[in-house]
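Residue numbers (this note's numbering), protein chains in the order written: chain A, 5 to 232; chain B, 2 to 355.
If you want it as structure tokens, here you go:
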């Protein structure tokens with residue numbers, strides 16, 4: 005019990021004194037996950053728009069597969085991306101294994117299905133009447149898509165925030181692809197896993213508190229966006 | 002026109018003239034909205050043709066459809082405010098057409114003035130009341146100066162005051178700008194007030210097309226009569242015809258009406274409930290030919306009016322004011338004298354089992 009209390013006190017001290025290692029790990033985590041979320045959004049929102057507005061065979065099946073991939077295990081993504089970018093893999097020549105760029109790719113793969121799904125939900129939240137109204141006002145197909153996506157922008161943003169939350173909280177892919185290299189690929193989750201296993205509890209708890217704060221901020225942001 | 006599995010419209014054929022107010026009247030679910038959506042090319046018919054200025058629009062490419070659609074404006078039953086200001090809502094149609102910003106600003110102000118909402122540019126659209134939003138929706142549809150304005154039940158969700166404003170606005174638009182207005186409504190009074198011509202839509206078919214007078218007083222069949230409130234419908238056989246004035250036997254009751262039908266012809270008679278008048282026994286007789294004595298079998302107050310059912314050999318439905326009801330001392334199960342003019346009856350020769 006004492007050990008835990010001591011750990012918490014030391015953790016608070018680490019945070020308040022702005023310990024360089026804590027700051028550095030936090031900054032890296034944010035940078036990697038924000039980059040991954042940004043790129044994933046640029047991929048997922050247009051795909052979501054395409055699926056929503058186009059009629060094609062197998063649409064329902066595709067949506068079901070995308071929904072199933074919400075729960076894609078992070079270690080499976082880690083394994084998949086590892087196989088692709090490791091030295092002997094098809095993209096081995098790009099030397100992405102154990103780099104932040106590799107971790108970003110892993111997180112993109114992880115959250116793209118979720119973002120597509122959330123975009124689909126957001127777009128179907130725009131009523132048919134609204135869509136008809138836009139078309140009746142003389143919109144071309146592209147103008148219609150842009151207007152409807154704009155109408156759904158807050159709901160889509162909600163999905164993006166959710167994606168960011170999943171990216172920053174995952175540990176499996178980050179560990180397998182990044183390798184938890186100190187000062188290079190070490191992020192909040194991988195650091196917590198390592199520091200706990202070697203008994204450095206105060207650092208673990210400090211990083212845990214920060215991760216929790218980020219999660220809370222994400223939730224708060226989501227709430228604000230959905231209030232709009 | 003099939004809509005999913007269900008057939009919505011069938012054997013629909015009509016034409017709408019330039020610069021008229023043409024109204025579809027019918028109960029909900031009869032296919033009025035689908036007709037408007039077809040005209041605006043928001044829905045595609047499974048068969049048939051739709052000609053706009055002589056062009057069969059069902060065969061146009063998407064790009065050509067947009068060009069035709071840009072000459073029309075549509076207002077939906079449920080106004081859908083887009084996010085942002087009233088200005089942004091009204092400007093969007095012009096922005097789609099790549100009109101320059103100065104022109105847009107001018108036209109948005111003009112449109113708002115027209116619908117009586119000058120100065121509303123900066124308001125958030127979602128904060129408006131239903132009536133205001135519907136007027137913004139009309140401003141949004143007319144700011145592009147369309148030749149045709151389609152209105153789907155524009156007052157169905159509004160209070161009477163807002164509805165009245167919208168109705169005067171529609172009259173105004175037609176009179177001042179010569180816009181062709183195609184309107185759907187389930188409100189007979191609105192149809193009568195606004196329409197040059199009315200099409201009665203029942204179960205996906207057009208029951209009758211004509212002026213409001215024709216529709217309200219000379220319904221072609223039972224369904225139309227029922228829809229427009231003609232509650233007295235009788236079947237009978239012509240027994241005499243003297244210079245266009247016929248005597249018709251309805252269940253042993255002799256009714257006189259104007260018709261060209263010759264003796265022996267089976268006919269259907271239609272009469273509005275407002276055309277029956279009641280009078281006190283032995284008071285001055287009117288010139289009416291149809292005078293009956295009957296017993297009141299049902300009394301239903303409807304606002305300032307009373308609906309009566311009277312058994313006078315045939316069962317008649319009448320609507321009179323609450324005041325006359327009281328002044329004449331009428332009551333349930335009482336006997337009363339009543340009359341209606343021969344000209345109040347619309348006679349249709351029976352061709353089928355209608």
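The C-beta atom is built at its ideal place from N, Cα and C for all residues, glycine as well.
Check: Would you mind sorting residue 80 of chain B into buried or exposed? The rule is 16 or more other CB atoms within 10 Å of its CB.; Outcome: buried
Check: Scan the region 153-168 of chain A for residues whose Cβ lies nearer than 9 Å to a Cβ of chain B and list them as they occur along the chain.; Outcome: 154, 155, 157, 158
Check: DSSP puts residue 237 of chain B in a beta bridge; with which residues?; Outcome: B/268
Check: Please confirm if residue 81 of chain B has its CB atom under 7 Å from at least one CB of chain A.; Outcome: yes
Check: Under a three-way DSSP split, which group does residue 187 of chain B fall into?; Outcome: coil
Check: Ordered along the chain, which non-local residues of its own chain (more than five positions away) have a Cβ less than 8 Å from that of residue 123 of chain B?; Outcome: 86, 87, 88
Check: Quick one: residues in its chain with C-beta nearer than 8 Å to the C-beta of residue 153 of chain A, no 5 flanking neighbours on either side, listed in chain order?; Outcome: 49, 53, 127, 160
Check: According to DSSP, is residue 205 of chain B part of a helix, a strand, or is it coil?; Outcome: coil
Check: I need the DSSP call for residue 3 of chain B, collapsed to helix, strand or coil.; Outcome: Bear in mind that the predicted position of residue 3 of chain B carries a pLDDT of just 40, short of 50, making it unreliable; the figure below should be weighed with that in mind. The answer is strand: DSSP assigns residue 3 of chain B an E or B state.
Check: On the three-state DSSP scale, how would you describe residue 42 of chain A?; Outcome: helix
Check: Below 7 Å between beta carbons: does that hold for residue 198 of chain A and residue 184 of chain A?; Outcome: yes
Check: Identify the contact partners of residue 1 of chain A in chain B, using a Cβ-Cβ distance below 7 Å as the criterion.; Outcome: In the structure as shown, chain A begins at 5 and stops at 232. Residue 1 of chain A is therefore absent and cannot be evaluated.
Check: What separation, rounded to the nearest whole angstrom, lies between the Cα atoms of residue 255 of chain B and residue 265 of chain B?; Outcome: 14 Å
Check: So with Cβ pairs under 7 Å, would you call residue 144 of chain A a contact of chain B?; Outcome: yes
Check: Assign residue 18 of chain B to one of two classes, buried (16 or more other C-beta atoms within 10 Å of its C-beta) or exposed (fewer than that).; Outcome: exposed
Check: Taking just the CA atoms, how far does residue 90 of chain B sit from residue 111 of chain A?; Outcome: 39 Å
Check: When you compare the CB of residue 84 of chain B with every CB in chain A, is at least one pair closer than 7 Å?; Outcome: yes
Check: Looking at residue 308 of chain B and residue 315 of chain B, is the spacing between their C-beta atoms short of 7 Å?; Outcome: no
Check: Who are the near neighbours of residue 262 of chain B in its chain, counting only those whose CB is closer than 7 Å to its CB and skipping five residues on each side?; Outcome: 239, 242, 247, 268, 348, 350
Check: Where DSSP assigns a beta bridge to residue 24 of chain B, which residues make up the other side?; Outcome: B/184, B/199
Check: If you scan the region 171-222 of chain A from start to end, which runs of the beta strand (DSSP E) of 3 or more residues do you find wholly inside it?; Outcome: none
Check: Rounded to a whole number of angstroms, what is the C-alpha to C-alpha distance between residue 91 of chain A and residue 84 of chain A?; Outcome: 14 Å
Check: Exposed or buried, which one is residue 298 of chain B when buried takes at least 16 other CB atoms within 10 Å?; Outcome: exposed
Check: Under 8 Å between beta-carbons, which chain A residues line up against residue 145 of chain B? List them in chain order, please.; Outcome: 141, 142
Check: Report the partner residues of residue 291 of chain B according to the DSSP bridge assignment.; Outcome: B/341
Check: Please work out which residues of its chain come closer than 7 Å, Cβ to Cβ, to residue 117 of chain A, disregarding the five sequence neighbours upstream and downstream, and give them in chain order.; Outcome: 70, 73, 74, 76
Check: What in chain B is Cβ-close to residue 137 of chain A, meaning under 7 Å?; Outcome: 77, 81
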